[in-house]
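Peer 1: Sharing a structure below in structure tokens format, with a few things to ask.
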Amino acid sequence: MSSPRPDGHAADPSRRAAVGSALGVAAGAAGATLVYAATRDSAHAAAAPSPDSGGGQGGPVGAPIAFRGAHQGGIVTPAQDRMHFVALDVVSESAEDLQAMLTAWTRAAERMTYGAEAAPGGAVGLGPYGVPTDTGEALDLPPANLTITIGYGPSLFERFGLDGRKPEALHDLPAFMGDDLDPATSGGDICIQACADDPQVAVHAVRNLIRLGFGVVAVRWSQLGFGRTSSTSVAQKTPRNLFGFKDGTNNVKAEDAEALAQHVWVAPEDVPGGAAWMAGGSYLVARRIRMHIEVWDRTNLQEQQDVFGRGKLEGEPLGAKKEFDAIDFSATRTDGLPAIPLTSHVRLAHADNLNGVRILRRGYNFTDGSDGQGHLNAGLFFVAFMRDAHTQFVPMQRALAAKDGLNEYIEHTGSALFACPPGLADGADWGTQLFG
Numbered sequence: 079m080s081s082p083r084p085d086g087h088a089a090d091p092s093r094r095a096a097v098g099s100a101l102g103v104a105a106g107a108a109g110a111t112l113v114y115a116a117t118r119d120s121a122h123a124a125a126a127p128s129p130d131s132g133g134g135q136g137g138p139v140g141a142p143i144a145f146r147g148a149h150q151g152g153i154v155t156p157a158q159d160r161m162h163f164v165a166l167d168v169v170s171e172s173a174e175d176l177q178a179m180l181t182a183w184t185r186a187a188e189r190m191t192y193g194a195e196a197a198p199g200g201a202v203g204l205g206p207y208g209v210p211t212d213t214g215e216a217l218d219l220p221p222a223n224l225t226i227t228i229g230y231g232p233s234l235f236e237r238f239g240l241d242g243r244k245p246e247a248l249h250d251l252p253a254f255m256g257d258d259l260d261p262a263t264s265g266g267d268i269c270i271q272a273c274a275d276d277p278q279v280a281v282h283a284v285r286n287l288i289r290l291g292f293g294v295v296a297v298r299w300s301q302l303g304f305g306r307t308s309s310t311s312v313a314q315k316t317p318r319n320l321f322g323f324k325d326g327t328n329n330v331k332a333e334d335a336e337a338l339a340q341h342v343w344v345a346p347e348d349v350p351g352g353a354a355w356m357a358g359g360s361y362l363v364a365r366r367i368r369m370h371i372e373v374w375d376r377t378n379l380q381e382q383q384d385v386f387g388r389g390k391l392e393g394e395p396l397g398a399k400k401e402f403d404a405i406d407f408s409a410t411r412t413d414g415l416p417a418i419p420l421t422s423h424v425r426l427a428h429a430d431n432l433n434g435v436r437i438l439r440r441g442y443n444f445t446d447g448s449d450g451q452g453h454l455n456a457g458l459f460f461v462a463f464m465r466d467a468h469t470q471f472v473p474m475q476r477a478l479a480a481k482d483g484l485n486e487y488i489e490h491t492g493s494a495l496f497a498c499p500p501g502l503a504d505g506a507d508w509g510t511q512l513f514g
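Under this note's numbering, the first residue of the sequence shown is numbered 79, with each subsequent residue one higher.
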């Protein structure tokens, strides 16, 4: 990237030849991992928001988003335009290797979010016979509001002596009516979510973390996303999904601290004992939702609006005039039927009909070529954060799976649940955070 690389770390090209030596660098640098926080490029540090924001707010266009704080970036951060999400399996049997990799990831992630290369030496600094410590495709690009969010799957805690640190709420989601899940694109031990306003910056971040984890982790599945489908800040306009409808009008917003505390952040009382490290974190639900857009595109406008329960042009609740008008579920049409159909998406997913359940949605559109039968393989990569997936997402999805008129046009093909830890204070890293 174009920003100067922070000083203070000597290059050691001989130790980049294999994963053992790469992780050795990380372990040996554990104490220096966060020296970077004090030595990062001064211009970037000046542009970044306070760590107290927890990566939640962006600065001026092109300014980096704070990596450290109470919460990880990429949750309440105003949703960027692009995303690269990857789920990984841990292939090493060594707890020491896993911890060292997470320490190395912390250092690299912080550098990349501030516009530096992934490691000292970078793409060319180690000379013609040195193995580059950065892949180089983001050279000359700004930070692009990059955030890197990490999470851990239920399967990870069955190994490495981590049983006592597993949060009670971190167990697999149940099966839902209508699911057509592919095991190859579901689950995972670890996830990385990289969001940015430049797709190459997001892909670069994920690629370099995978490179650092060679021999410790392997890619299980990944997803590229474009065109955010939810607004996470009141400053953002509500975006549209691939069906052309505004999505996430009533999403929890970054500015609503009370709603975030109630619905998004894990409270200390939620994670007693060995799981206390998760306080201030959040649970991530990922669902790959195939949208049968060719069928939808042949559906008349009124049926489309009845399916969502909103008008297509303004996004207004049916029976109202403007997007943010209060939803009146008792309103009727001239024929006496509910203005918002009983099977509409907005009715079934609304907090008023789910005993107050709300979640923070942060999804993206995707198109992954063709399905081989003349149809686009396209849809919504649904990502949402919440305090407890089993008391929030599960009842919501059960209601939708049973009655939602949208089910005629979609199918859920991938699913995963991850525990995303809280943000890092100065001097901390993901390795010591997980292992204690």
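We treat Cβ as the ideally placed atom computed from N, Cα and C, and that holds for glycine.
(1) So the candidates are 174, 161, 446, 272; which of them puts its Cα closest to the Cα of residue 293?
(2) Take residue 108 and list the residues in its own chain whose beta-carbon comes closer than 6 angstroms to its own, dropping the five residues that flank it on each side.
(3) Taking the alpha-carbon positions, what's the residue 480 to residue 210 distance?
(4) Enumerate in chain order the residues of its own chain whose CB-to-CB distance from residue 402 is below 8 angstroms, with the five nearest sequence positions on each side excluded.
(5) How about the segment 257-272 and the segment 225-240: do they share at least three Cβ pairs that are nearer than 8 angstroms?
(6) Applying the criterion that 16 or more other CB atoms from any shown protein chain within 10 Å of the CB defines a buried residue, is residue 411 buried or exposed?
(7) Using a Cβ distance threshold of 8 angstroms, determine whether the segment 230-244 contacts the segment 154-164, with at least three qualifying pairs required.
(8) Determine the contact status of residue 491 and residue 298, defining contact as a CB-CB distance below 8 angstroms.
(9) Enumerate in chain order the residues of its own chain whose CB-to-CB distance from residue 196 is below 7 angstroms, with the five nearest sequence positions on each side excluded.
(10) Using DSSP's beta-bridge definition, name the partner residues of residue 457.
(11) In this structure, does DSSP put residue 322 in helix, strand or coil?
(12) Quick check: residue 404 and residue 437, are their CB atoms within less than 8 angstroms of each other?
(13) Would you list, in sequence order, the uninterrupted alpha helix (DSSP H) runs of no fewer than 4 residues that lie entirely inside the segment 447-505?
(14) Secondary structure at residue 168, three-state DSSP: helix, strand or coil?
(15) Kindly list the residues whose CB is nearer than 7 angstroms to the CB of residue 123, restricted to its own chain and excluding five residues on each side of it in sequence; keep chain order.
(16) State buried or exposed for residue 341, treating a residue as buried only when at least 16 other CB atoms are found within 10 Å of its CB.
(17) Can you find the residues in the same chain that come closer than 6 angstroms, C-beta to C-beta, to residue 370, ignoring five residues on each side of it along the sequence?
(18) What is the DSSP secondary structure of residue 311, reduced to helix, strand or coil?
(19) Once you ignore the five residues that flank residue 250 on each side, which residues in its own chain have a CB closer than 7 angstroms to its CB?
(20) So the candidates are 331, 302, 303; which of them puts its Cα closest to the Cα of residue 315?
(21) Looking only at C-alpha atoms, which of 203, 257, 364, 237 sits nearest to residue 300?
(22) Can you tell me whether residue 376 is buried or exposed? The criterion is at least 16 other CB atoms within 10 Å of its CB, across all chains shown.
(23) Measuring straight from C-alpha to C-alpha, what distance separates residue 313 and residue 172?
(24) Using the Cβ count rule (16 or more neighbours within 10 Å means buried), how would you classify residue 329?
(25) What does the alpha-carbon distance come out to for the pair residue 319 and residue 206?
(26) Note down, in chain order, each residue of its chain lying with its Cβ closer than 8 angstroms to the Cβ of residue 166, except the 5 sequence neighbours on either side.
(27) Is the separation between the beta-carbon of residue 216 and that of residue 168 shorter than 8 angstroms?
(28) With DSSP run on the structure shown, which of helix, strand or coil describes residue 161?
(29) Identify, in the order they occur along the chain, each residue of the same chain with its Cβ nearer than 7 angstroms to the Cβ of residue 275, setting aside the five sequence neighbours on each side.
(30) Distance check for residue 372 and residue 500, CA to CA, integer angstroms please.
(31) For residue 213, which beta-bridge partners are listed by DSSP?
(32) Could you spell out the range, first to last residue, of the alpha helix (DSSP H) harbouring residue 425?
(33) Measuring only the C-alpha atoms, how far is residue 507 from residue 425?
(34) Taking all protein chains shown into account, do 16 or more other C-beta atoms lie within 10 angstroms of the C-beta of residue 114, making it buried, or fewer, making it exposed?
(35) With the cut-off set at 8 angstroms, would you say residue 407 and residue 430 are in Cβ contact?
(36) Candidates 143, 150, 421: which alpha carbon is nearest residue 503's?
Peer 2: Checking against the coordinates, here is how it stands:
(1) When C-alpha distances from residue 293 are compared across 174, 161, 446, 272, the shortest belongs to 174.
(2) Confidence at residue 108 is low in this model, with a pLDDT of 37, below 50, so its placement is unreliable and no value can be given for it.
(3) 52 angstroms
(4) Apart from the 5 residues on each side of it in sequence, residue 402 sits with its Cβ closer than 8 angstroms to the Cβ of 327 in its chain, given in chain order.
(5) Contact holds: three or more Cβ-Cβ distances are below 8 angstroms.
(6) exposed
(7) no
(8) no
(9) 186, 189, 190, 211, 212, 286
(10) 368, 444
(11) coil
(12) No. Outside cutoff.
(13) Runs of the alpha helix (DSSP H) inside the segment 447-505: 471-481.
(14) When DSSP states are grouped into helix, strand and coil, residue 168 belongs to the strand group.
(15) Caution is warranted here: a pLDDT of 37 is assigned to residue 123, below 50, making its placement in the model unreliable, and the coordinate value is therefore given only provisionally. Same-chain partners within the cutoff: there are none.
(16) buried
(17) 487
(18) coil
(19) Counting only Cβ-Cβ distances below 7 angstroms, and skipping sequence neighbours, we find 232, 495.
(20) The closest CA to that of residue 315, considering only 331, 302, 303, is found on 331.
(21) The candidate whose alpha carbon is nearest that of residue 300 is 364.
(22) exposed
(23) Their backbone Cα atoms lie some 45 angstroms apart in a straight line.
(24) That one is buried.
(25) 47 angstroms
(26) 266, 267, 268, 269, 270, 288, 291, 295, 296, 297, 298
(27) no
(28) strand
(29) 158, 159, 160, 222, 223
(30) Looking at the backbone, the Cα of residue 500 and that of residue 372 are separated by about 41 angstroms.
(31) Paired residues: none, contrary to the question.
(32) Start and end: 423-427.
(33) 42 angstroms
(34) Note that residue 114 scores a pLDDT of 37, beneath 50, so its modelled location is shaky; the value from the coordinates is reported in the next line. Residue 114 comes out buried.
(35) Yes, they are a contact pair.
(36) Closest option to residue 503, Cα to Cα, is 150.
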